[in-house]
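Trainee: Each residue of the sequence shown is one higher than the last, beginning at 1 in UniProt numbering.
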Amino acid sequence: MALLYSIHCCLFHSAGIGILATDGTDIHGHSGKTVTITCSYSWASTNIKYFCRDPCKDSKVILVKSDQSPRGRYTLKDSGKGTFTVNITDLQESDSGIYWCGVERSGFDSYQKVRLRVSNGKNDA
Numbered sequence: 001m002a003l004l005y006s007i008h009c010c011l012f013h014s015a016g017i018g019i020l021a022t023d024g025t026d027i028h029g030h031s032g033k034t035v036t037i038t039c040s041y042s043w044a045s046t047n048i049k050y051f052c053r054d055p056c057k058d059s060k061v062i063l064v065k066s067d068q069s070p071r072g073r074y075t076l077k078d079s080g081k082g083t084f085t086v087n088i089t090d091l092q093e094s095d096s097g098i099y100w101c102g103v104e105r106s107g108f109d110s111y112q113k114v115r116l117r118v119s120n121g122k123n124d125a
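1. What is the residue span of the beta strand (DSSP E) that W100 lies within?
2. Is it true that the CB of R117 sits closer than 8 Å to the CB of H28?
3. So, helix, strand or coil for K65, using DSSP?
4. From this set, N47, F51, I37 and G97, which residue's C-alpha is nearest G107's C-alpha?
5. When DSSP labels each residue in this structure, what does S94 get in the three-state scheme?
6. Which one of T83, D26, S69 and I88 has the shortest CA to CA distance from G32?
7. Going by alpha carbons, who is nearest to S66 out of R53, C56, K60 and S45?
8. Are there 16 or more other CB atoms within 10 angstroms of the CB of S40, so buried, or fewer, so exposed?
Right, here's the structure in full:
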């Protein structure tokens, strides 16, 4: 009698879109300053990377992509060695919120959650 083994991968579903997600990163910045966010990936050195604001369910919320020129206050640089960085300049308190570092993959893209908190800096130590 032969046994059949199967491997199952868990997929998280957000707004009806299948995604592979990793735990998030907390980032703190100050109004008027620049913040650098480092995102990690594996097995995707030539894949397109992008950065989007939650819920990240369509191209309208993608702020910057690795295959495009920088847009506005956002730049993305891919090291090609497992990390890419996103810079946001001239931070505003309204930038606070949840973002996603994304990597295009065949099938489902992979994501890393980023929680950004921007304060005005006046009362920070």
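Cβ atoms here follow ideal geometry from the backbone N, Cα and C, with glycine treated the same way.
Mentor: Let me spell this out:
1. Counting along the chain, the beta strand (DSSP E) containing W100 begins and ends at G97 to V103.
2. Closer than 8 Å, so yes.
3. Three-state result, K65: strand.
4. For the residues N47, F51, I37 and G97, the minimum Cα distance to G107 belongs to N47.
5. Helix, per DSSP.
6. Comparing alpha carbon positions, the residue from T83, D26, S69 and I88 closest to G32 is I88.
7. With distances taken between Cα atoms, S66 lies closest to S45.
8. When all chains shown are included, S40 counts as exposed.
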